[in-house]
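Read through the structure below, which is laid out as structure tokens, and then see the notes.
Protein chains: 2
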Amino acid sequence: MARYRVGIETRERILAATRRLLGEVGMEGVTLKAITDQASVGAGSFYNLFDSKEAAVFEVVREALESVDPDPAGEGNDTLADLVDAFVLFVTGSTPVARIYLQLAVGRGLTDPVIAARVLRSHRRRVERFADAWRREEPGLDAPEAEARAQTMLAALTGLGLTALLDPGFDMRAHAHRLLPPQPATSVSAGAGRRRRSAHASQ
Amino acid sequence: MARYRVGIETRERILAATRRLLGEVGMEGVTLKAITDQASVGAGSFYNLFDSKEAAVFEVVREALESVDPDPAGEGNDTLADLVDAFVLFVTGSTPVARIYLQLAVGRGLTDPVIAARVLRSHRRRVERFADAWRREEPGLDAPEAEARAQTMLAALTGLGLTALLDPGFDMRAHAHRLLPPQPATSVSAGAGRRRRSAHASQ
DNA sequence: GCAGAAATGGAGCGGACACTCCAATATGTA
DNA sequence: TACATATTGGAGTGTCCGCTCCATTTCTGC
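Line order of the protein sequences matches chains A and F.
Using our numbering, the first residue of the first sequence is number 1, and each one after it goes up by one.
Using our numbering, the first residue of the second sequence is number 1001, and each one after it goes up by one.
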């Protein structure tokens, strides 16, 4: 399916419409009519390109999930601050995607075991990522302690993200930075010149 | 409506059925047929007692929300540990209610501004409650710092609660207790004799 | 025990929804 | 250009859902 150029373009339009609607109306509010209207497409065209409405939603959600997952090819050199900033950016920057992700994780994860398992898997990967960063930051930490700290930190970030999504005025960045371990006094004076190690941390 | 004893009992049965279904199938999965079947009641009886399906759902959700709200009549003497324990108990003890609350807050709060406002209001009340406890614990704290700590702590609890709901094997209590400030060395040896100040903290 | 009101079950209505079908048209290939 | 095949729109289909209607039964105060 979708062999010609026009078909591929239509597919993209449909996915964009679905993505947009998911962010606006939420998981269960997306109707086929809304999608096809938004994408300026007939129902027939839709079903020429997708097996079902669910298939389109699933595709969008898959992409959203992928964009939150820790980069599998990452070299593991991100600092804690990088990871925290990436998380904050994910919530405050790409808000509709964040909404979709949270709606999926909570709205469906709480009732659908398949979704729950999937969400948990990617959550665990992220915990590992944070735990590694902790051990790099404080080499003396033993593994369980690092994981516990990572678990707590990620939980706090999730909670703060939720608040940020509910309350546009909430300063997530400031609160999130409080989670980081206090910096050594030497770097305090760096001021405006301070830079994060990598420009856009994979996360 | 519902003047006779039977009517009141039927009302209770319907609410119980709705509550149960909300926990199992989720917010949008609850159909009228499911409710009336579960409650062994005809559709006519249902509409004799409730204006709409939504009204029943709303009632259940209202009760759920109330049970999370900080006790308005609380004397403000809870310790941080009390509040944390109460939150943990809410999630791990009354799991279906916790599910309903989270589904409401996230599933609908993210798209429905009315719900969002409501959730935020009760959230802010809880933050205040935690901030007060912080200041009681560490009298030197200034107000903004106490609130920031409360905000972070509550966010972490929410995140941990989410994980606990998704992963039944997750030890929420242990992780949650890590959020408390380190205890003075004198009380460490108390061991099994240690008791929380009030048996069931209002929260 | 009687009367009037409340409660009950369930057939059925109207509308929304995901999806099908197909005639008409556009697209790429040789 | 001619052909095969992909794409398109939208009218129509079956299903499900919330809700109404109403004849019948149950309840309770007097």
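Yeah, the Cβ is synthetic: ideal placement off N, Cα and C, and Gly gets one too.
Here the structure is a predicted model, which means the values were calculated and not measured.
Inspect the beta-carbon positions of residue i and residue j and report whether they are closer than 8 Å.
i, j, result
"Val-941(F)", "His-1177(F)", "The requested residue 941(F) does not occur in the structure, where chain F is confined to residues 1001 to 1203."
"Met-172(A)", "Val-88(A)", "yes"
"Val-1097(F)", "Ser-1067(F)", "yes"
"Thr-36(A)", "Phe-46(A)", "yes"
"Gln-1151(F)", "Val-1114(F)", "no"
"Ala-1155(F)", "Leu-166(A)", "no"
"Leu-179(A)", "Glu-137(A)", "no"
"Ala-34(A)", "Leu-21(A)", "yes"
"Ala-1043(F)", "Leu-1032(F)", "yes"
"Val-61(A)", "Leu-104(A)", "yes"
"Ala-17(A)", "Arg-11(A)", "no"
"Ala-133(A)", "Asp-78(A)", "yes"
So residue i and residue j are in contact, right, with Cβ under 8 Å, and what is the actual spacing, rounded?
i, j, result
"Val-119(A)", "Gly-107(A)", "Not really, about 11 Å apart at Cβ, beyond 8 Å."
"Ile-1100(F)", "Gly-1023(F)", "6 Å"
"Thr-111(A)", "Gly-1029(F)", "7 Å"
"Val-1131(F)", "Glu-1147(F)", "The sequence shown places Ala at residue 1131(F), not Val. Indeed, because the Cβ distance is near 5 Å, the residues count as touching under 8 Å."
"Ser-122(A)", "Leu-65(A)", "6 Å"
"Gly-159(A)", "Gly-1140(F)", "No, Gly-159(A) and Gly-1140(F) are not in contact; Cβ-Cβ is about 26 Å, not under 8 Å."
"Val-1041(F)", "Arg-1019(F)", "About 15 Å; that fails the 8 Å criterion."
I need the DSSP call for residue i, collapsed to helix, strand or coil.
i, result
"Pro-1144(F)", "helix"
"Gly-1042(F)", "coil"
"Pro-1181(F)", "coil"
"Tyr-101(A)", "helix"
"Arg-5(A)", "helix"
"Pro-1096(F)", "helix"
"Asp-1037(F)", "helix"
"Ser-1198(F)", "At Ser-1198(F) the pLDDT is 42, less than 50, meaning the model places this residue with poor confidence; the figure from the coordinates comes in the next sentence. Here Ser-1198(F) sits in coil by DSSP."
"Asn-77(A)", "coil"
"Phe-1087(F)", "helix"
"Phe-1050(F)", "coil"
"Phe-1170(F)", "coil"
"Val-30(A)", "coil"
"Leu-1205(F)", "Lying before the first or after the last residue shown, residue 1205(F) is absent from chain F, which here runs from 1001 to 1203."
"Leu-15(A)", "helix"
"Asp-1112(F)", "coil"
"Glu-138(A)", "coil"
"Val-188(A)", "With a pLDDT of 44 at Val-188(A), under the threshold of 50, the modelled position of this residue cannot be trusted; read the value that follows with caution. It is helical."
"Arg-1020(F)", "helix"
"Gln-1203(F)", "Because the pLDDT at Gln-1203(F) is just 39, under 50, the model does not fix this residue reliably, and the value given afterwards should be weighed accordingly. Here Gln-1203(F) sits in coil by DSSP."
Check each residue of the region 1093–1110 of chain F: if its Cβ is closer than 7 Å to any Cβ of chain A, include it; give the result in chain order.
-> Within the region 1093–1110 of chain F, the qualifying residues are Arg-1099, Leu-1102, Gln-1103, Val-1106, Gly-1107, Gly-1109 and Leu-1110.
Check distances from the C-beta atoms of the region 121–142 of chain A to those of chain F and list, in chain order, the residues that come in under 8 Å.
-> Against chain F - using a Cβ distance shorter than 8 Å - the residues of the region 121–142 of chain A are His-123.
Near-chain F residues of the region 25–43 of chain A (beta-carbon distance less than 8 Å), N- to C-terminal order | For the region 25–43 of chain A, the beta-carbon criterion of a distance under 8 Å to any beta-carbon of chain F is satisfied by Val-25, Gly-26, Met-27, Glu-28 and Gly-29.
Going along the region 1153–1165 of chain F in order, which residues come within less than 9 Å of chain A, judged by CB to CB distance?
-> Listed by position, the residues of the region 1153–1165 of chain F near chain A (Cβ gap below 9 Å) are Met-1153, Leu-1154, Ala-1155, Ala-1156, Leu-1157, Thr-1158, Gly-1159, Leu-1160, Gly-1161, Leu-1162, Thr-1163 and Leu-1165.
Got a sec: which bits of the region 1014–1025 of chain F sit with their beta carbon under 8 Å from any beta carbon on chain A, in order along the chain?
-> The region 1014–1025 of chain F vs chain A, Cβ under 8 Å: Glu-1024 and Val-1025.
Note down, in chain order, all residues in the region 164–178 of chain A with a beta-carbon under 7 Å from any beta-carbon belonging to chain F.
-> Correct list: Leu-165, Leu-166, Asp-167, His-175 and Arg-178.
Check each residue of the region 75–87 of chain A: if its Cβ is closer than 7 Å to any Cβ of chain F, include it; give the result in chain order.
-> Taken residue by residue, none of the region 75–87 of chain A has a beta-carbon sitting less than 7 Å from a beta-carbon on chain F.
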